[in-house]
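Following my numbering, the numbering of the sequence shown begins with 1 at its first residue and continues without gaps.
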Amino acid sequence: VKYKGSDKISFIGGTSLRFFYNLPRFSEDLDFDNFGLSEQEFDEIIKELVKDLVLRGFVIDSLVKFKGAYHCYLRFSNLLYQNNLSTHVDEKILVKIDTTKQDFIFKPERKFFNRYGITEEIQVNPIDILMAQKTMALLGRKRAKGRDFFDFVFLDGITKPNLEYLKKELGIDSLEKLKVLIIERCSILNFDDLAKDVEPFLFNFDDVAKVRKFRQYITGWNV
């Protein structure tokens with residue numbers, strides 16, 4: 001479904017990596033960059049989305065909030081119970097949609113989505129931008145999350161972070177400088193704890209080693 005204003009948003013984050021690059025971990029939140037999307041346009045997109053989901057048979061309620069970024073909380077009723085995933089008929093699934101204004105100029109890619117009965121072209125950030133954004137999360141979160149380190153290793157097998165993006169956002173203009181900053185970040189972190197943090201969301205149990213041994217990985221990172 002092509003919603004009015006959807007040309008101003010681009011899919012980012014772990015869920016976009018799972019859908020379009022086969023990231024082997026679970027991610028449920030839907031994150032987007034936006035390019036001049038107004039609050040009214042976001043609200044209208046959500047209204048049309050909810051209307052479409054209801055027509056598909058979902059029982060759903062939504063809450064939209066504007067606080068810095070734009071946020072939407074979608075709660076699906078009966079889904080777990082109907083699929084024998086819960087014995088509680090009232091238990092709900094929460095899906096969060098977030099979009100943040102993007103000032104860095106780039107052209108999103110259009111990718112074909114064909115899952116869950118939905119067939120559509122979707123705008124997605126280029127893979128090197130996605131890695132730059134993941135790198136920013138790895139360096140900048142107040143509370144480090146294991147998923148950022150796991151995703152970094154995954155993405156490093158595909159691309160390198162966009163340096164123009166990192167230069168604009170963090171003042172980092174070379175991979176050598178980036179490596180030094182990541183090593184400094186790693187020096188204060190407990191990777192056994194970070195591995196436990198992400199472990200329940202990994203499709204392959206053995207992949208947890210990519211987080212547990214991240215310090216060694218980044219020390220040997222070839223830039």
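Where is the CB? At the ideal position from N, CA and C, for every residue including glycine. The structure displayed is predicted, hence computed values, not measured ones.
Rounded C-alpha distance that separates residue i from residue j
i           : j           : result
residue 16  : residue 124 : 7 angstroms
residue 190 : residue 169 : 26 angstroms
residue 144 : residue 66  : 25 angstroms
residue 101 : residue 206 : 37 angstroms
residue 136 : residue 171 : 11 angstroms
residue 12  : residue 33  : 7 angstroms
residue 42  : residue 62  : 13 angstroms
residue 162 : residue 52  : 36 angstroms
residue 176 : residue 183 : 11 angstroms
residue 221 : residue 110 : 31 angstroms
residue 164 : residue 19  : 26 angstroms
residue 217 : residue 200 : 22 angstroms
residue 195 : residue 90  : 33 angstroms
residue 40  : residue 115 : 28 angstroms
residue 209 : residue 64  : 38 angstroms
residue 49  : residue 57  : 13 angstroms
Per-residue burial, residue i [other beta carbons within 10 Å of its own, 16 or more giving buried]
i           : result
residue 38  : exposed
residue 99  : buried
residue 118 : exposed
residue 14  : buried
residue 108 : buried
residue 188 : exposed
residue 173 : exposed
Per DSSP, the bridge partner or partners of residue i
i           : result
residue 115 : 118
residue 219 : Its beta-bridge partners do not exist; DSSP assigns none.
residue 100 : 33
residue 147 : None, per the DSSP bridge assignment.
residue 75  : 61, 94
residue 202 : 25
Residue j beta carbon less than 9 angstroms from that of residue i
i           : j           : result
residue 160 : residue 131 : yes
residue 193 : residue 146 : yes
residue 120 : residue 47  : no
residue 59  : residue 77  : yes
residue 35  : residue 10  : yes
residue 127 : residue 21  : yes
residue 134 : residue 155 : yes
residue 212 : residue 138 : no
residue 153 : residue 214 : yes
residue 44  : residue 4   : yes
residue 202 : residue 24  : yes
residue 149 : residue 223 : no
residue 112 : residue 129 : no
* Quick one: any contact between the stretch 95 to 106 and the stretch 65 to 74, if contact means 3 or more CB pairs under 8 angstroms? -> Yes: the two stretches touch, three or more of their Cβ pairs being nearer than 8 angstroms.
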